[in-house]
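There are 2 protein chains.
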Amino acid sequence: MTLWKATISYDGTPFHGWQVQPGRHTVQGTLAAALQRISGEIVLPQGSGRTDAGVHALGQVASFELTAPIPAPNLHHALNRALPPSIRLLSLEAAPPRFHARHSAVRKTYEYRIVPRISAAETICSPMLAPYVWACPYRLDVGAMSEAAAHVLGTHDFTSFAAVDPDESCRTARESEPQEGEQGRLNRKGSCLPTPNIRTVLASEWTLHADEPLLRYRVTGSGFLHHMVRNLVGTFVEIGVGRLRASEMPSILAARDRRTAGPTAPARGLFLVEVDY
Amino acid sequence: MTLWKATISYDGTPFHGWQVQPGRHTVQGTLAAALQRISGEIVLPQGSGRTDAGVHALGQVASFELTAPIPAPNLHHALNRALPPSIRLLSLEAAPPRFHARHSAVRKTYEYRIVPRISAAETICSPMLAPYVWACPYRLDVGAMSEAAAHVLGTHDFTSFAAVDPDESCRTARESEPQEGEQGRLNRKGSCLPTPNIRTVLASEWTLHADEPLLRYRVTGSGFLHHMVRNLVGTFVEIGVGRLRASEMPSILAARDRRTAGPTAPARGLFLVEVDY
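Chains A and B, in that order, are what the protein sequence lines are. For what it's worth, the UniProt record's numbering labels the leading residue of the first sequence as 1, then goes sequentially. For what it's worth, the UniProt record's numbering labels the leading residue of the second sequence as 1, then goes sequentially.
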């Protein structure tokens, strides 16, 4: 029995997200099918976290166990042959005992890409870029967005930036797999506790390179709530447009109320860049 | 009645090429449908040339006439709203009288993009790049490919690099629209003349930038035969691999025989960059 750690890149466009779902084309399901085809074994690879439909990965990590004694280079090669070009195994290695792609993760980095409106003329987003960016129809004040981004550094309750599923927040916490970085959420009787949406953000920065039309937001943290990066970006864009001020970030965080923050940015601009262990 | 000149970019991946075909999703057909939705008029926009299924465009040019007196900025905006994100009108202007996107073209530039194999390890092509490059499984001698590329500069008979449709070359010439840069191919009785596949290449160069994994071939010419750029690239790659020598290019051209040249490179690496008038 070998425990494997695979680093994976995928184009999220053709998939209904990472997590396997009956009758849907997902990254996890496609990977499981490739593993079964190669080894004959039925295994469900565990990701470092789910990515939503349309979200991309430059360095998702998955772990899985196989009984078949296949040498790493052969398994790596066979998987890339079995997988569609929209999923690539960048590396494959035997993992240390008890390694788990989600539970062992200590840090994750995401990047969000925006094609901003630069002139008075409308932004025309290249068709080749369109699936990988938010072509933002607004002119953005990058200085204000950078100031806002600095406000989320450190440890905060990110409830204002967490996906809200009305009437479902309790059921979700009880019945589905735990959110990233979250452990022991429930008491013994399974009753619903107030969700501790506390996370630590280690890096949070907007960059604009002169030689390309992309505005990029990079964020590294101990873990992220569902939709947290997209909700942060949607809020930063509200600030960039001038509908909110950067100085309001602390009160938005303090409110612990999703309605105080901006809308959710589109999935297609988001990339899971790296997972650290 | 206004004659319009539109410069268009498209991602060729989801289309069965430029040319309208019954029951198929094509760029020309999608553009015609958008024009009809906006103006109520049935027009078939003429492209500077057809692109094959999977070939992309950074600057395809199309011309069409509309009776509706719509101001250019409004029509431009309406078309980009009506078109899918995989097709973008980059610019739109009233054209001079008798302008025709194909007949008026004097020069075209194509680019072909390859992700070369750099190390002994297999090339792993990013899923986000895969639809736009040929992830070439070989290590390539770029010096030899550059030498070969220089051999096609000037005016030559490119029969060795033209698509061969066995038993169909005559029928094709008679029944379908003329190849680019080709006029008056047929005598009055419609009998089949030997095809004059003479074209002039003005620029032909391979470049490799240190900061990206792409090897690019740029070629500018008076016109191109069907599959000519992909057949040139397929031959340059044979030379890069060492299966043919750069010094054989003149004899391959002189042979006027498709079998002497290399295979056709995949469509997905090809971009129509620019059309000059």
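Glycine included, each C-beta is placed from N, C-alpha and C at the ideal position. Owing to the predicted nature of the structure, the values given are computational and were not obtained by experimental measurement.
Range of the contiguous beta strand (DSSP E) that encloses residue i
i: F99(B); result: Neither: F99(B) is in no beta strand (DSSP E) and is coded neither H nor E.
i: E147(B); result: No beta strand (DSSP E) holds E147(B); the alpha helix (DSSP H) holding it covers V142 to A150.
i: L79(A); result: Run containing L79(A): none in the beta strand (DSSP E); it sits in the alpha helix (DSSP H), A72 to A82.
i: E212(B); result: Counting along the chain, E212(B) falls outside any beta strand (DSSP E), and DSSP gives it neither H nor E.
i: Q60(A); result: H56 to L66
i: I8(A); result: T2 to Y10
i: H16(A); result: Unbroken run through H16(A): none, as it is neither H nor E.
i: L89(B); result: I87 to A94
i: I114(B); result: R107 to V115
i: H227(B); result: Unbroken run through H227(B): none, as it is neither H nor E.
i: G154(A); result: G154 to D157
N-terminal and C-terminal residue of the alpha helix (DSSP H) that residue i is part of
i: R243(B); result: Careful: R243(B) lies outside any alpha helix (DSSP H) and carries neither H nor E.
i: G221(A); result: G221(A) -> not in any alpha helix (DSSP H); beta strand (DSSP E) instead, spanning L215 to G221.
i: Q28(B); result: V27 to S39
Separation of residue j from residue i, as counted between CA atoms
i: H16(A); j: D157(B); result: 50 Å
i: T123(A); j: L253(B); result: 45 Å
i: A135(A); j: P14(B); result: 20 Å
i: G154(A); j: L140(A); result: 25 Å
i: E93(B); j: W18(A); result: 44 Å
i: Y110(A); j: D276(A); result: 12 Å
i: P45(A); j: F99(A); result: 12 Å
i: P97(A); j: L66(A); result: 13 Å
i: G12(A); j: G54(A); result: 4 Å
i: R88(A); j: C125(B); result: 8 Å
i: G47(A); j: W4(B); result: 51 Å
i: R259(A); j: L272(A); result: 26 Å
i: A162(A); j: V133(A); result: 22 Å
i: A82(B); j: R24(B); result: 18 Å
i: V201(B); j: Y10(B); result: 25 Å
i: S247(A); j: Y217(A); result: 19 Å
i: T26(A); j: T51(A); result: 10 Å
i: S251(A); j: H209(A); result: 31 Å
i: H76(A); j: H56(A); result: 21 Å
i: P131(A); j: P22(A); result: 25 Å
i: H103(B); j: N74(B); result: 27 Å
i: V20(B); j: P69(B); result: 26 Å
i: A72(B); j: P266(B); result: 37 Å
i: A33(B); j: Y112(B); result: 30 Å
i: T172(B); j: D211(A); result: A caution first: T172(B) carries a pLDDT of 35, below 50, which makes its placement in the model too unreliable to give a value.
i: R245(A); j: V164(A); result: 23 Å
Spatial neighbours of residue i in its chain, beta-carbon cut-off 7 Å, leaving aside the 5 residues before and after
i: P213(A); result: V115
i: L129(A); result: V115
i: G29(B); result: V20
Residues near residue i by beta carbon distance below 6 Å, same chain, minus five either side
i: T159(B); result: N197 and R256
i: T264(A); result: H227, R230, N231 and G234
i: E182(B); result: Note on E182(B): pLDDT 47, under 50, position unreliable in the model; no value is reported.
i: L35(A); result: V43
i: T7(A); result: G59, V61, L90 and S91
i: G262(A); result: G234, T235 and E238
i: S204(A); result: A149, V152, L153 and V219
i: M249(A); result: A148 and H151
i: T2(B); result: L66 and A94
i: F64(A); result: W4, V43 and P45
i: T207(B); result: R216
Residue i and residue j closer than 9 Å at C-beta
i: G269(B); j: M145(B); result: no
i: K108(B); j: E274(B); result: yes
i: A101(B); j: A62(B); result: yes
i: P127(A); j: P127(B); result: no
i: G221(A); j: R199(A); result: yes
i: L79(A); j: I38(A); result: yes
i: F224(B); j: G40(B); result: no
i: L215(A); j: V142(A); result: yes
Neighbour list for residue i in chain D, Cβ cutoff strictly below 9 Å
i: H151(B); result: Absence of chain D from the displayed structure is noted, the protein chains being A and B.
Own chain partners of residue i with C-beta closer than 8 Å, once the 5 adjacent residues on each side are dropped
i: Y138(B); result: P116, R117, V237, G240 and V241
Next item on the list: Would you list, in chain order, the members of the stretch 6-22 of chain A that have their beta-carbon closer than 8 Å to a beta-carbon of chain B?
Entry: S9, Y10 and D11
Check: For the stretch 86-115 of chain B, which residues have a beta carbon sitting closer than 7 Å to at least one beta carbon of chain A?
Finding: S86, I87, R88 and L90
Check: Residues in the stretch 127-148 of chain B with C-beta within 7 Å of chain A's C-beta atoms, listed in sequence order?
Finding: P127, M128, A130 and Y132
Next item on the list: Anything in the stretch 45-63 of chain A with a Cβ closer than 9 Å to a Cβ of chain B? List those residues in chain order, please.
Entry: H56, A57 and L58
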